[in-house]
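A.B. asks:
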Amino acid sequence: MLIAIPAYRLSCRVMIDRGRAWSVIDELLLWNLAQESRALPALTKASQLPPQVIAASLSRMMRFRLVEVVLREDGLEFAASEYGKNIVSEGRSLPFFPKRLPKRTSFVIERVSGGFFPTGQVRLISESALEQEPDNDIRKISVDGGDPPMSHEANFARLSQIAARGWEEQLAYVDGRTSNLRQEYMIVRFTDRIPRGLPDEASDALRDAVKRAAALPRGTSDVPVRYGGQAAEPDPPSTVHRCAFDAKDLVVGGSAQLACLRSLLEQAHQRVIVHSTFLKAYRFRELLPEIRTACARGVSFDLLWGAETKDDEEEKNSTAAYEIAKIVRNDAVLRAHFTMHMRTTGSHAKVLLADSENGDWVAAVGSCNWLSSPMNAVELTVVLRDQRVVRDVAVAMQRMMGRRGLADDVANEMALLARSLSKRTEAGGDAEISLVLGDEHEALMRTASGAARDSLTIGSHRLGSTARPGALMPGAAAAQRDGSVHTRLLYTMPSGPLKKRHARKLVQEAAENGVALIKADPIPLHGKFLAWDDDDLVVTSLNWASASSDPDFVQSDIGVYIRAAGIARIAVSEIEALFPQMLEGTGDTRVES
């Protein structure tokens, strides 16, 4: 009897870092020696460990310049070096210099309960080969009611467990070009009523399904079972991080965005990843000197875009991507360091990630289309430097791009980066920062509507059919609560089915409800923001007054929520300086006819 269990087989080539890991004892010793110098007997007594263990740990840390010998009048003592003290104070991992080894990895995910095993532990067969099996008693299991999670995040976690064995190994690189996902069958053969080919780690649900199939009468060919594993989990809510935030990292304006971009490119050490919703080849040519300079010093670029697949937007941006790829191909410097991605991600987010020489990463999140904007409209961007917040940006990018599975190299890189940054400790500070994804946008709008006490200001590039529920109704609720909340909505242009005559009507309707609906003029506003009172600010790519978040693709828009002393007041003041009509506090009925 053969039992055929539906399964996925995933294989790819990886690189493994193999080397001796640091132990908790090493880290505790370094932390202790960063406080004060100590002799070997004192360390042995305080730790209650054998002197051989302490001596071996000190010897290894001295080889890595973490510990140094201090000569005292009464003998030798050990102390953390300046390098070691910096690692302790900054919460960084101890230096790791592994040997990098290539490895071909393959694993199987059985679809009955979601268990996964190395391919070598099971027998696999394709459906066509199964039909040609000579055994006259083959029972094929079919699964209803669910499937194992097959997201990039889930498969990357499985791959990490399968590929890296023990504390001495860790996954360092995944070659997306070699990734291969197939649907096959895992075969369990019953001989003398004993199942052969079932891994020891098989779940109880899988074992029960196999036993049930084996107990059915001879001649049964199809065995339906219910999926008994973990369901795909929704994206968890964004984490709030306490950290420091400098108001200089809030970039408001048009030319300020260009200066910010040039600064990030100039400071990048080895890596830059840009996601721009739209692309224009002429903008790429204008930025070519800065990009080529960075590439010449060894920086690798990936340029992604996310125009929606509607009308001719995707086609226009695909054409621009082709032109940029041709420029890259014909440039010897760019050709070796710049990758132009040819497929849309489908996301409206605007994100830039770059590393720095000290190992820290920087993320920029906001409304600016880095590779299509002429930088003449008012944009808002937040530069994020706290490594735990940057880690959240990397995870969002991984989930955005990982819909092709392990075949996407940038998604694989983001998963590895997120794992590395997760080891960083919370820096602490007076600000609270979190990413804003999916329906968290609508939740924050409701929060702002209920929490605002003095002012509520909304910025949206477009005014569309969702303006009432998306922005005007929450604004009106704040304005009418006690009559003291100064509520304004700043926009640039009507959008979609909304015509200019509708916009004029909305201006009057909003004014009756206590909301000043103001047209950005003469400078266009492309920034999307939500600010209330003095300390709460959201900067995002979502047009509050013309669009809503996609519940099935929460990374379709990415924003940042900052709660810090005076940050909303600073942002609104800068915007008011650009749009003096906001100070009038009344709706602008000068919508062009």
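Throughout the sequence shown, residue numbering follows this note's numbering, covering 1262 to 1854 in sequence.
All C-beta atoms in this analysis are idealised placements derived from N, C-alpha and C, irrespective of residue type, glycine included.
(1) Buried or exposed: where does LEU1844 fall if 16 or more other Cβ atoms within 10 Å of its Cβ makes it buried?
(2) Hey, how far is the Cα of GLY1788 from the Cα of LEU1291?
(3) Hey, how far is the Cα of ARG1596 from the Cα of LEU1767?
(4) Going by the beta-carbon positions, is the gap between GLY1489 and VAL1373 smaller than 9 Å?
(5) Which ranges would you report for the beta strand (DSSP E) in the segment 1535-1622 if only whole runs of at least 3 residues count?
(6) Can you tell which of GLU1462, ARG1454 and ASP1461 has its C-alpha closest to the C-alpha of LEU1477?
(7) Please classify GLU1392 as buried or exposed, where buried requires at least 16 neighbouring CB atoms within 10 angstroms.
(8) When we look at the beta-carbon of LYS1780 and count the other beta-carbons within 10 Å, is it buried (16 or more) or exposed?
(9) Using a Cβ distance threshold of 8 Å, determine whether the segment 1804-1819 contacts the segment 1642-1662, with at least three qualifying pairs required.
(10) Assign PHE1358 to buried or exposed, taking buried as 16 or more other Cβ atoms, counted over all protein chains shown, within 10 Å of its Cβ.
(11) Grouping DSSP H, G and I as helix and E and B as strand, with all else coil, what is GLN1531?
(12) Please go through the segment 1723-1771 and give each complete beta strand (DSSP E) segment of 3 or more residues, from N-terminal end onward.
(13) Considering only residues of the same chain and omitting the five flanking positions on each side of PHE1545, which have a CB-CB separation below 7 Å?
(14) Keeping to the same chain, check which residues put their C-beta closer than 7 Å to that of GLY1437; ignore five residues upstream and five downstream.
(15) With DSSP as the reference, label VAL1512 as helix, strand or coil.
(16) Who are TYR1822's beta bridge partners in DSSP?
(17) Determine which residues share a DSSP beta bridge with TRP1793 and list them.
(18) Whose C-beta lies closer than 8 Å to the C-beta of VAL1776 among residues of the same chain, with five residues either side of it excluded?
(19) Residues in its own chain within less than 7 Å of THR1500 by CB, not counting five upstream and five downstream?
(20) Does ASP1436 come out as helix, strand or coil in the three-state DSSP assignment?
(21) Let me know the secondary structure DSSP gives LYS1472 once reduced to three states.
(22) Helix, strand or coil for THR1452? Go by DSSP, reduced to three states.
(23) Using the Cα positions of PRO1456 and ALA1415, report the straight-line distance between them to the nearest angstrom.
(24) Buried or exposed: which applies to ARG1426, given that a residue is buried once 16 or more other Cβ atoms fall within 10 Å of its Cβ?
(25) As a quick exercise: from ALA1529, PRO1363 and HIS1602, pick the residue whose alpha carbon is nearest that of GLY1213.
(26) Who are the near neighbours of PHE1325 in its chain, counting only those whose CB is closer than 6 Å to its CB and skipping five residues on each side?
(27) TYR1269 lies in the beta strand (DSSP E); which residues open and close that run?
(28) In or out: GLU1445 buried (at least 16 other Cβ within 10 Å) or exposed?
(29) For THR1538, count neighbouring Cβ atoms within 10 angstroms of its own Cβ and tell me buried if that reaches 16, exposed if not.
(30) Go ahead and label TYR1344 buried or exposed: buried means 16 or more other beta carbons lie within 10 angstroms of its beta carbon, across all protein chains shown.
(31) Would you kindly work out how many angstroms separate the C-alpha atoms of ALA1582 and HIS1609, rounded to a whole number?
(32) So, for GLN1531: in the same chain, excluding its five sequence neighbours on each side, which residues have a beta-carbon less than 7 Å away from its beta-carbon?
(33) Along the chain, where does the alpha helix (DSSP H) containing PHE1417 start, and where does it finish?
(34) Should PRO1231 go down as buried or exposed, given a rule of 16 or more other Cβ atoms within 10 Å for buried?
(35) Identify every residue that forms a DSSP beta bridge with GLY1351.
C.D. replies: Walking through what the data contain:
(1) exposed
(2) 47 Å
(3) 51 Å
(4) yes
(5) 1561-1566, 1599-1601 and 1611-1616
(6) ARG1454
(7) exposed
(8) buried
(9) yes
(10) exposed
(11) coil
(12) 1747-1755
(13) ILE1585, ILE1588 and LEU1632
(14) LEU1667, ALA1668, ASP1669, ASP1670 and ASN1673
(15) strand
(16) SER1695 and VAL1799
(17) LEU1717 and ASP1797
(18) LEU1733, GLY1736, ALA1737, ALA1740, THR1748, ARG1749, LEU1750 and GLY1848
(19) ASP1653 and SER1695
(20) strand
(21) helix
(22) strand
(23) 29 Å
(24) exposed
(25) As displayed, the chain neither begins before 1262 nor continues past 1854, which places residue 1213 out of reach and without an answer.
(26) PRO1356
(27) 1263-1279
(28) buried
(29) buried
(30) exposed
(31) 16 Å
(32) GLY1559, VAL1560, SER1561 and ASP1616
(33) 1413-1424
(34) Because residue 1231 is not part of the residues shown, which for the chain are 1262 to 1854, the question remains open.
(35) Contrary to the premise, residue 1351 reads as Glu rather than Gly in this sequence. According to DSSP, which records beta bridges pairwise, GLU1351 is partnered with nothing at all.
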